[in-house]
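In what follows, a single structure is set out as structure tokens and then discussed.
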Amino acid sequence: MSRLAEHLKQARRVVFFMGAGASTEPPTSLPDFRSSTGLWRNRTLTETLTRGTFFEDPEGFWLAFREIFLPWRKVEPNPVHRAPARLSALGKEVGVVTQNIDGLDARCATGYPVYELHGHLRTASCPECGARVSTDRCETGIPTCECGAVLKPDVVLFDDPLDFEGVFLPARDLIGKADLLVVVGTSLAVAPANLLVLERQGRPIALLNRDPTPYDEMAVLVERRPAGVVLDEAMSALESAGGGTA
Ligand SMILES: [Zn+2]
Numbered sequence: 516m517s518r519l520a521e522h523l524k525q526a527r528r529v530v531f532f533m534g535a536g537a538s539t540e541p542p543t544s545l546p547d548f549r550s551s552t553g554l555w556r557n558r559t560l561t562e563t564l565t566r567g568t569f570f571e572d573p574e575g576f577w578l579a580f581r582e583i584f585l586p587w588r589k590v591e592p593n594p595v596h597r598a599p600a601r602l603s604a605l606g607k608e609v610g611v612v613t614q615n616i617d618g619l620d621a622r623c624a625t626g627y628p629v630y631e632l633h634g635h636l637r638t639a640s641c642p643e644c645g646a647r648v649s650t651d652r653c654e655t656g657i658p659t660c661e662c663g664a665v666l667k668p669d670v671v672l673f674d675d676p677l678d679f680e681g682v683f684l685p686a687r688d689l690i691g692k693a694d695l696l697v698v699v700g701t702s703l704a705v706a707p708a709n710l711l712v713l714e715r716q717g718r719p720i721a722l723l724n725r726d727p728t729p730y731d732e733m734a735v736l737v738e739r740r741p742a743g744v745v746l747d748e749a750m751s752a753l754e755s756a757g758g759g760t761a
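When the count follows the working numbering, it moves up by one through the sequence shown with no breaks and lands on 761 for the last residue.
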């Protein structure tokens with residue numbers, strides 16, 4: 516049994532913290548954001564996908580947003596996204612906090628909480644009247660609400676605030692109660708994500724990331740191999756061992 520499997524076996528409450536790297540693995544294979552080849556290396560993109568651009572140039576905003584992100588609604592989950600459900604099926608108390616907007620963590624969830632820090636692509640909302648529609652209705656032109664305002668996707672854009680009450684605080688609470696925090700596919704370089712991890716104050720963290728992070732020293736386990744492989748291996752071991760409750 517792998518070291519990760521041993522840690523998972525001992526924990527009763529396990530929370531997964533997912534970064535962009537969780538969705539770069541096959542068959543999902545989305546581009547990441549902040550690595551050297553990442554999506555945000557494209558400066559025009561970071562300038563376009565802002566709250567400011569949305570209100571000043573909704574057409575330009577939607578052109579870029581639609582082309583890059585709407586296809587992400589159709590991608591397939593990989594073993595990383597499926598790991599929490601497998602662990603939950605073994606009787607563990609599971610939760611997920613994700614930085615990803617592809618919705619795959621929520622799609623794979625089997626009744627456990629999933630907090631999407633940066634929102635998701637399922638819906639768009641009206642900034643004027645609050646009406647919410649499926650992004651299926653945002654595939655052409657400038658998507659407009661019945662009240663006349665331009666619909667805004669329910670993702671956190673550059674210079675948008677996070678949803679503190681509805682998402683950030685409950686996510687922090689969930690992480691605070693975990694016996695083990697499994698961090699997948701993020702270098703934890705960006706606030707407030709890294710704050711959520713720092714607040715663990717010495718309690719167990721497993722880091723599954725391709726590159727080193729500033730938090731490697733405080734982790735009980737660091738894995739550089741693809742997270743899907745590592746998690747699949749650990750889950751299979753726990754499943755054949757019959758789960759093994761703590
Ligand atoms: Zn409206």
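Note that the Cβ used here is the ideal one computed from N, Cα and C, for glycine as well.
Fill in: Limits of the alpha helix (DSSP H) - the one that arginine 581 falls within
573–584
Item to complete: Just tell me which of Arg740, Leu713, Leu619 has its CA closest to the CA of aspartate 726.
Response: Arg740
Item to complete: Label phenylalanine 569 either buried or exposed according to how many other C-beta atoms from any shown protein chain fall within 10 Å of its C-beta, with 16 as the threshold for buried.
Response: buried
Discussion item. Using a Cβ-based criterion (distance less than 7 Å to any ligand heavy atom), does cysteine 653 qualify as near ligand 1?
Written reply: no
Worksheet entry | Inter-residue spacing [alpha-carbon to alpha-carbon] between glycine 656 and leucine 632 | 28 Å
Practice prompt. Could you tell me whether any non-hydrogen atom of ligand 1 is closer than 7 Å to the CB of glutamate 540?
Written response: no
Discussion item. Within 10 Å of its beta-carbon, does lysine 589 have 16 or more other beta-carbons around it, so buried, or fewer, so exposed?
Written reply: exposed
Worksheet entry | Which of helix, strand or coil DSSP assigns to phenylalanine 532 | strand
Worksheet entry | Residue burial classification, alanine 761 (beta-carbon count within 10 angstroms, cutoff 16) | For alanine 761, the pLDDT reaches just 47, beneath the cut-off of 50, and the residue's location in the model is therefore unreliable, although a value from the coordinates is still provided. Exposed is the call here.
Worksheet item: Under a three-way DSSP split, which group does alanine 734 fall into?
Response: coil
Worksheet entry | Residues of its chain near glutamate 738, where Cβ-Cβ distance is below 6 Å and the 5 sequence neighbours each way are ignored | Leu723, Val745
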